[in-house]
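Take the sequence shown: its position 291, counted from the start at 1, is 1063 in my numbering, and no numbers get skipped.
Shown next, in structure tokens, is the structure this report addresses.
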Amino acid sequence: MNDDPIKNLPFPGNPVVPQTFDESKIIQFHCRKGITCWNACCSNIDISLTPYDILRLKRRFEISSGEFLKKYTVPYEMEQDGIAGVKLRPVESGTACQFMTPEGCSVYEDRPTACRYYPLALLSLRRQDEATDRASYALVEEAHCLGHKEPRKISVDAYRKEQGLDEYDELARGWRQLILKKKSSGPSIGKPSKRSLELFFMVCYDIDRFSQFVASEGFSDIYDLPPEELKNILCEDVELMQFGFRFLRQVLFGEETITLRQEATQERRARHLERLQRIETEAAARRAMEQDEMYDGPD
Ligand code: SF4
Ligand code: SF4
């Protein structure tokens, strides 16, 4: 099972652009217990996780996000010099999913988005002139998957509902938009600093560490959140996750929606001025040196 639609999927190695469609498309597919290919898809995995996938699974296992990441995931780079993603870690020295059992998926109720979508690939594309993303899909037809030969016909919309994807997509929207924004802004934003990449990783995937950060004095020194909102964010992990996406939009793209404390704003302004002055002083010194060289003339 491969879930990387943006890269080369749905047909790796095939130069033909796959046919894409919307929710009204009728597909022929049924995965059922007892089918000859049972578990074939989970025996060779490449599953990227959304922040909400991690939240559901770590909640299921009653462990911290840090423990979950360590035991069940591997990080990867979504694009060169770009932001990090997280994939399910297969079994030791193998390719099968750690959650696969002979009876099927042992975390079925909390299975990740990519597993729910299969055999559809979600291509979350945004047109330049649109403010929000619009979903389109493609069908992944892998030889080992016999679900395509089953007689059931179903619309993409009904399939998404059957797989509980409305909730999963809604709660991953903020994260997907961040990625789209980063990809579409390209070099104009420049190579992200190591610190902003680490911040992205913590906020999106290591939610318990982000919670500690938001609860820290350092955070309250900079951000002026109403006490009720802060309490709500710290008590509800879904709220915290959504707040995290907002926080990243502010830190990475300057979309200021979280009030900064006045002192912090002044400090930031002072640091900015200091930097400008330093750049100007350096430029003046460079100009003076160039003029000296001009007057000295050639030896
Ligand atoms: S999480 Fe479940 S459905 Fe997804 S690959 Fe693992 S065993 Fe298969
Ligand atoms: S029908 Fe496809 S999705 Fe279902 S078990 Fe077989 S390979 Fe996996």
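Here a beta-carbon is modelled for each residue, glycine too, at the ideal position from N, C-alpha and C.
Asked	Found
Sequence-ordered residues whose beta carbon comes within less than 6 Å of a heavy atom of ligand 1	Met-773, Cys-814, Ile-817, Ile-819, Cys-869, Phe-871, Met-872, Cys-877, Val-879, Arg-883, Pro-884 and Cys-887
Beta strand (DSSP E) segments (min. 3 residues) lying fully within the region 856–919	856–860, 892–897 and 906–911
Sufficient close CB pairs (3 or more, under 8 Å) joining the region 945–952 to the region 1014–1026	yes
Among Gln-984, Tyr-824, Phe-972 and Gln-1038, nearest to Asp-882 - alpha-carbon criterion	Tyr-824
Pick from Cys-803, Cys-976 and Lys-830 that is closest to Gly-876, judged by C-alpha positions	Cys-803
Own chain residues within Cβ distance below 7 Å of Gln-900, not counting five before or after	Bear in mind that a pLDDT of 47 at Gln-900, under 50, signals an unreliable position, so the number given afterwards is only what the model happens to contain. So the list is empty, once near-sequence residues are dropped.
Contact between the region 963–979 and the region 911–920 (3+ Cβ pairs under 8 Å)	no
Sequence-distant residues of the same chain with beta carbon closer than 7 Å to Asn-1004, five excluded per side	Glu-1011
DSSP state of Lys-805 mapped onto helix, strand, coil	coil
Proximity to Leu-821 [Cα-Cα], best of Thr-845, Cys-1007, Glu-934 and Tyr-880	Thr-845
With 16 other Cβ atoms within 10 Å as the buried cut-off, status of Ser-960	Interpretation of Ser-960 is limited by its pLDDT of 49, a score under 50 that renders its predicted location unreliable; no figure is taken from the coordinates.
Close-in-space but distant-in-sequence residues of the same chain around Cys-809 (CB under 8 Å, 5 per side omitted)	His-916, Cys-917, Leu-918 and Gly-919
With 16 other Cβ atoms within 10 Å as the buried cut-off, status of Val-986	buried
Contacting residues, own chain, Cβ-Cβ under 6 Å from Ala-944 (five flanking each side not counted)	Thr-822 and Tyr-824
Contact test: Trp-947 Cβ vs ligand 2 heavy atom, cutoff 6 Å	no
Limits of the alpha helix (DSSP H) - the one that Ile-1005 falls within	999–1007
Pair within 7 Å by beta-carbon distance, Phe-982 and Gly-1016	yes
Pairwise C-alpha distance: Gln-1049 and Arg-1058	14 Å
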